[in-house]
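> If you count by our numbering, then the sequence shown holds residues 36 to 126, one letter each, in order. The beta-carbon is built from N, C-alpha and C at its ideal position, and this holds for glycine as well. Please read these numbers as outputs of a predicted model, since none were measured by experiment.
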Amino acid sequence: MQKDNNPLQDDSAAALTQIEQILHEFQIKDVLLFDHDPVLRIQVSDAQFARALQVRETLVERIKPLGYRFVAIDLDEAQTHSEREASKDLL
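See below:
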């Protein structure tokens, strides 16, 4: 099966990689990024939420030029898929 090359997807993936690097510069590492063009949604761990809020203005200034009109920090804690599934089992 041939995979179509979609330049928009390539641009989005490149932007998300750059955004991860920006977040790492600010020691924000436990994150999940969601591209809801034109919105970037960032989920961070509870431990790093306060740090994300401290540097939010700088993050917005650096992220918007990468193609997002809005940058949102999600109030839910970042969890991997397996962590979400495990928490469902507890309910």
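1) Classify Leu110: buried if its beta carbon has 16 or more other beta carbons within 10 angstroms, exposed otherwise.
2) Thinking Ile63 and Val79 are a contact (beta carbons under 8 Å), I'd like their distance in whole angstroms, please.
3) Work out the CA separation of Asp46 and Arg97 for me, nearest whole Å.
4) Taking Ile54 and Leu101 to be in contact with their CB atoms under 8 Å, please state how far apart those CB atoms are, rounded to whole angstroms.
5) When DSSP labels each residue in this structure, what does Arg91 get in the three-state scheme?
Based on what the coordinates show:
1) Leu110 counts as exposed, since fewer than 16 other C-beta atoms from the protein chains shown sit within 10 angstroms of its C-beta.
2) Right, the Cβ-Cβ distance comes to about 6 Å (below 8 Å), so this counts as a contact.
3) Their Cα atoms are separated by approximately 16 Å.
4) Contact between Ile54 and Leu101 holds, with the beta-carbon distance rounding to 6 Å and staying under 8 Å.
5) Helix.
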